[in-house]
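Peer 1:
In the UniProt record's numbering, the protein residues as written are 1 to 296.
#1: Would residue 31 and residue 59 qualify as a contact pair, given that the criterion is a beta-carbon distance under 7 Å?
#2: Check residue 282 in the structure and name its three-state DSSP category.
#3: What distance in whole Å lies between the Cβ atoms of residue 231 and residue 133, which are believed to be in contact at a cut-off of 8 Å?
#4: Taking residue 118 as the reference, which of 150, 200, 83 and 139 has the closest Cα?
#5: Is it the case that the Cβ atoms of residue 254 and residue 242 are separated by a distance below 7 Å?
#6: Can residue 80 and residue 214 be called in contact, C-beta distance under 7 Å?
#7: Would you grab the beta carbon distance between residue 129 and residue 257 for me? Rounded to a whole angstrom, and I think it's under 8 Å.
#8: For residue 185, which of helix, strand or coil comes out of DSSP?
#9: Less than 7 Å between the beta carbons of residue 36 and residue 90, yes or no?
#10: Can you list, in chain order, the residues of its chain with a C-beta nearer than 8 Å to that of residue 197? Leave out the 5 residues immediately preceding and following it.
#11: Need the endpoints of the alpha helix (DSSP H) that residue 127 sits in, please.
#12: Is the region 48–64 touching the region 203–211 in the sense that three or more CB pairs, one from each, lie closer than 8 Å?
#13: Take residue 11 as the anchor and find which of 50, 92, 139 and 189 has the nearest alpha-carbon.
#14: How big is the Cα-Cα spacing for residue 222 and residue 125?
#15: Take the Cβ of residue 229 as the centre, count every other Cβ of all protein chains shown within 10 Å, and call the residue buried at 16 or more, exposed below.
#16: Taking just the CA atoms, how far does residue 171 sit from residue 270?
#17: For residue 34, count neighbouring Cβ atoms within 10 angstroms of its own Cβ and tell me buried if that reaches 16, exposed if not.
#18: Pick helix, strand or coil for residue 241, following the three-state DSSP scheme.
#19: Residue 54 by DSSP, collapsed to three states: which one?
#20: In the DSSP assignment, find the beta strand (DSSP E) that holds residue 5 and state where it starts and stops.
#21: Counting only the same chain and skipping the five closest in sequence on each side, list residues whose C-beta sits under 8 Å from that of residue 194.
#22: When the Cα of residue 169 is compared with those of 65, 142 and 233, which residue comes out closest?
#23: Look at the alpha carbon of residue 238 and the alpha carbon of residue 111, and state the distance between them as a whole number of angstroms.
#24: So what does DSSP say about residue 270, is it helix, strand or coil?
#25: Just tell me which of 127, 7, 190 and 41 has its CA closest to the CA of residue 149.
#26: Which whole-angstrom value is the C-beta distance of residue 95 and residue 22, which I expect to be below 8 Å?
#27: Would you report the Cα separation of residue 52 and residue 63, rounded to the nearest angstrom?
#28: Please return the same chain residues whose Cβ sits closer than 7 Å to the Cβ of residue 9, not counting the five positions on each side in sequence.
#29: Where does the unbroken beta strand (DSSP E) through residue 37 begin, and where does it stop?
#30: What three-state label does DSSP hand residue 26 in the structure shown?
#31: In terms of residue numbering, what span does the beta strand (DSSP E) encompassing residue 173 cover?
#32: Out of 264, 115, 250 and 29, point me to the one whose CA is closest to residue 146's CA.
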């Protein structure tokens with residue numbers, strides 16, 4: 001399966017620019033079906049590997065990338081906004097030549113960026129929008145989530161950070177449950193620890209400027225009801241996904257988004273924040289169903 005990596009110089013006349021953004025494209029360049037996957041706070045494109053490989057195997061050309069401030073992308077100084085980060089995505093789409101039939105999938109902060117991208121993209125570019133574990137702004141993070149973020153920032157080494165991420169992103173009962181048969185692991189936690197350890201070996205840690213920049217973007221994100229209605233009125237399919245045990249973003253935020261966007265809402269009972277990794281088979285089947293419906 002074809003995989004292409006690259007960097008593109010963005011924001012030449014915008015806030016924080018110019019800077020280089022790292023991206024990866026998987027799948028056939030001849031495919032008319034495109035998917036742009038946007039990761040959340042401090043996350044790299046590596047975290048989308050499961051979905052990227054899955055969608056590419058189904059005939060999609062898939063782009064994942066490191067947001068400004070993390071991974072192999074540069075970390076401009078200053079306070080970031082989800083609007084500016086959405087314009088990064090617009091420039092990336094232009095660089096790729098993707099101007100139609102693009103599904104945009106965002107998780108957490110990536111979902112916030114996806115909302116702004118829906119408003120910033122040229123009409124006709126986006127054919128489907130999938131928002132996972134995210135919100136429209138003007139909300140408070142649960143105490144457990146705030147403590148988890150703080151512990152992560154204070155972690156002394158990768159082992160501490162990985163343990164903290166496990167506790168913050170996944171339900172304890174799921175972590176302790178038996179791993180999938182033939183996975184080679186005893187528990188789900190063993191699987192996740194291996195994935196996070198592998199990622200730590202290939203992805204540079206977030207830069208200080210990126211940490212402050214992305215935190216400021218999340219804290220100040222806000223899409224008003226009127227702007228949500230504008231997204232709704234574009235008329236393409238929208239899917240909102242949430243887990244009932246999300247420690248970082250309350251499920252009520254997803255119910256609100258689904259209502260104002262007139263979107264399909266899928267609730268994963270007893271699931272946490274990182275649904276694409278926790279419930280990969282169900283999540284993959286769900287997004288493919290919605291995407292295939294949008295492309296008909």
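Beta carbons are placed, not taken as given, at the ideal position from N, Cα and C, and that holds for glycine.
Peer 2: Judging by the given coordinates:
#1: yes
#2: helix
#3: That belief does not hold up - the Cβ atoms of residue 133 and residue 231 are roughly 18 Å apart, past 8 Å.
#4: Of 150, 200, 83 and 139, the residue nearest in Cα terms is 83.
#5: yes
#6: yes
#7: Residue 129 to residue 257, Cβ: 10 Å. No contact.
#8: coil
#9: In this structure, residue 36 keeps its C-beta atom at 7 Å or more from the C-beta atom of residue 90.
#10: 158 and 162
#11: Residue 127 -> not in any alpha helix (DSSP H); beta strand (DSSP E) instead, spanning 126–132.
#12: no
#13: 92
#14: 23 Å
#15: exposed
#16: Roughly 7 Å separates the two Cα atoms.
#17: buried
#18: strand
#19: The answer is helix: DSSP assigns residue 54 an H, G or I state.
#20: 3–10
#21: 185
#22: 142
#23: 12 Å
#24: In the structure shown, residue 270 adopts coil according to DSSP, grouped into three states.
#25: Comparing Cα-Cα distances from residue 149 to each of 127, 7, 190 and 41, the minimum goes to 41.
#26: Wrong, their Cβ atoms sit about 12 Å apart, outside the cutoff.
#27: Distance between the alpha carbons of residue 52 and residue 63 is about 8 Å.
#28: Counting only Cβ-Cβ distances below 7 Å, and skipping sequence neighbours, we find 18 and 20.
#29: 34–38
#30: strand
#31: Segment 172–176 is the alpha helix (DSSP H) holding residue 173; no beta strand (DSSP E) there.
#32: 250
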